[in-house]
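Numbered per the working numbering, the sequence shown spans residues 1344 to 1520. Here's the structure we're looking at; comments come further down.
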Amino acid sequence: MRDMNIANVLISQRHSKGVTQEALALHLGVSKASVSKWEKGTCYPKIELLPEIASYFDISINQLMNYFPHLSESDIHNIYARLLEDFTTKPFENVIAECMSLVKSHYQCFSFVLKITLLYINHLQNAVDNDRKIQIIQMALNLCDHVLKNCSQSDLLQKAMQYKCFLITNGAEKVVE
């Protein structure tokens, strides 16, 4: 996940809009010292102020927090290639843990979620035992279900359905054998 850097966003937004720390503080009902601390990164605004701050600058809360849950196709490709390499050089469980962490950060980036599902499918055989294989199949099925339930892109829905069918028929049968 990218660093949450409210400080830089606040400074940038204030300067681009020609707003002083005093003016922002007055609008939010906080002290100028509070705004100064936020911009220095020594503390963060209270969570209930985030919508007000974002609205004041006409940006989303995600933009304010410098958080972008959707990855570019290039980012997806680069992360996928790195994880693919990691599966050959690092312990299996470490890579699976990283995949799980990345999915949490980018859960609404459906094309990324499906790439992780594909990694699970393609590296299932590296699990230590059948119980772990079954757990990974279930994780992959859950990701497919998430895409099927929440995505509206037909190409991604088709991939999710294909992966799910494969996991249910071929993957599960091989693990049970």
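Heads up, the beta-carbon is just placed ideally off N, CA and C, and yes, glycines get one too. Since we're looking at a predicted model, the values are computed, not measured.
Nearest neighbour of H1420 by Cα position, chosen from I1354, G1361, S1377 and L1457, turns out to be L1457.
For S1379, same chain residues with a beta-carbon under 8 Å away, outside a window of 5 residues either side, are Q1364 in chain order.
With 16 or more other CB atoms across the displayed protein chains lying within 10 angstroms of its CB, I1349 is buried.
For secondary structure counted as the alpha helix (DSSP H) over 4 or more consecutive residues, the region 1433–1505 holds these complete runs in sequence order: 1435–1448, 1453–1466 and 1473–1493.
When D1488, Q1451, D1498 and Y1399 are compared, the shortest CA-CA separation from L1414 is found for Q1451. Collapsing the DSSP output to three states places P1394 in a helix. Taken through DSSP and simplified to helix, strand or coil, D1418 comes out as helix.
With a 10 Å radius around the Cβ and a threshold of 16 neighbouring Cβ atoms, V1352 comes out buried. The shortest CA-to-CA distance from I1459 to any of K1433, E1391 and L1486 is the one to L1486. Counting the other CB atoms within 10 Å of its CB gives H1449 a total of 16 or more, which places it among the buried residues. Note that the C-beta distance between L1499 and F1453 is below 7 Å.
Taking each of Y1399, K1502 and Q1501 in turn and checking the Cα distance to S1359, the smallest one comes out for Y1399. Annotated three-state conformation of Y1387 is coil, per DSSP. Between L1407 and V1446, the alpha-carbon positions lie close to 22 Å from each other.
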